[in-house]
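Residue numbers (this note's numbering): 2 to 202. Note that the Cβ used here is the ideal one computed from N, Cα and C, for glycine as well.
So this is what it looks like as structure tokens:
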């Protein structure tokens with residue numbers, strides 16, 4: 002009975018949303034698979050540790066801007082990230098040492114969940130993204146993130162004209178017009194929750 006009710010609710014949501022769910026999810030999945038986030042967690046929320054986090058960020062963005070220049074596919078992107086994780090870690094450790102700290106540093110290439118995040122003129126939708134994740138010390142402080150690949154950490158790269166160099170027309174639309182997709186994302190979330198409920202039974 003619960004399965005029948007859930008199936009009816011799913012059908013109703015489809016009817017109410019009136020969306021091309023297949024195209025929508027294809028675009029969202031393409032974004033998740035083709036983007037590499039940079040995620041840095043500070044040791045704590047103290048002003049000193051937060052400043053240190055930003056210094057680590059600045060050094061990484063300054064010294065590693067061309068790592069992915071030859072990465073044309075998600076697989077190449079991930080391979081490049083994994084091959085350069087030690088290099089990125091060494092940059093972070095050097096900055097931390099130069100600032101008089103001996104915090105431990107971890108640099109991992111992971112797949113992790115991100116809430117919807119706004120970065121300059123673009124909005125990255127909620128989802129599970131690959132990320133270079135740097136944790137400093139206890140990693141109990143506020144985080145900082147950006148898109149490492151394509152190279153959107155530099156503000157000018159968030160211009161729609163620049164975005165078209167890296168993303169499809171439908172992806173650019175999703176990144177730059179979040180209000181247009183709010184209902185679709187909500188519908189997707191509801192459908193995923195219902196699907197999980199059916200799987201658990």
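Rounded separation between residue i and residue j - CA only
| i | j | result |
| --- | --- | --- |
| residue 141 | residue 42 | 7 Å |
| residue 33 | residue 99 | 35 Å |
| residue 85 | residue 68 | 8 Å |
| residue 174 | residue 31 | 13 Å |
| residue 25 | residue 103 | 46 Å |
| residue 146 | residue 105 | 20 Å |
| residue 211 | residue 132 | Since the first residue shown for the chain is 2 and the last is 202, residue 211 is missing from the structure and cannot be characterised. |
| residue 152 | residue 164 | 10 Å |
| residue 127 | residue 179 | 11 Å |
| residue 113 | residue 49 | 27 Å |
| residue 37 | residue 78 | 8 Å |
| residue 66 | residue 91 | 15 Å |
| residue 117 | residue 143 | 16 Å |
| residue 96 | residue 166 | 32 Å |
| residue 158 | residue 169 | Confidence is the limiting factor: at residue 158 the pLDDT is only 41, short of 50, which leaves the residue's position unreliable, though a coordinate-based value still follows. Taking the straight line from one Cα to the other gives about 15 Å. |
| residue 129 | residue 40 | 13 Å |
| residue 1 | residue 47 | Past the edges of the chain, shown from 2 to 202, lies residue 1, and the structure says nothing about it. |
| residue 61 | residue 83 | 15 Å |
| residue 134 | residue 150 | 13 Å |
| residue 125 | residue 70 | 22 Å |
Range of the contiguous alpha helix (DSSP H) that encloses residue i
| i | result |
| --- | --- |
| residue 88 | 86-99 |
| residue 173 | 170-177 |
The beta strand (DSSP E) enclosing residue i, as first and last residue numbers
| i | result |
| --- | --- |
| residue 49 | Run containing residue 49: none in the beta strand (DSSP E); it sits in the alpha helix (DSSP H), 48-64. |
Per DSSP, cross-strand counterpart(s) of residue i
| i | result |
| --- | --- |
| residue 132 | 38, 111 |
| residue 124 | 119 |
| residue 154 | Note: residue 154 sits in no beta bridge, so no partner. |
| residue 144 | 42 |
| residue 106 | 137 |
Rounded Cβ spacing between residue i and residue j (contact assumed at less than 8 Å)
| i | j | result |
| --- | --- | --- |
| residue 89 | residue 176 | Residue 89 to residue 176, Cβ: 25 Å. No contact. |
| residue 72 | residue 81 | 5 Å |
| residue 28 | residue 171 | 5 Å |
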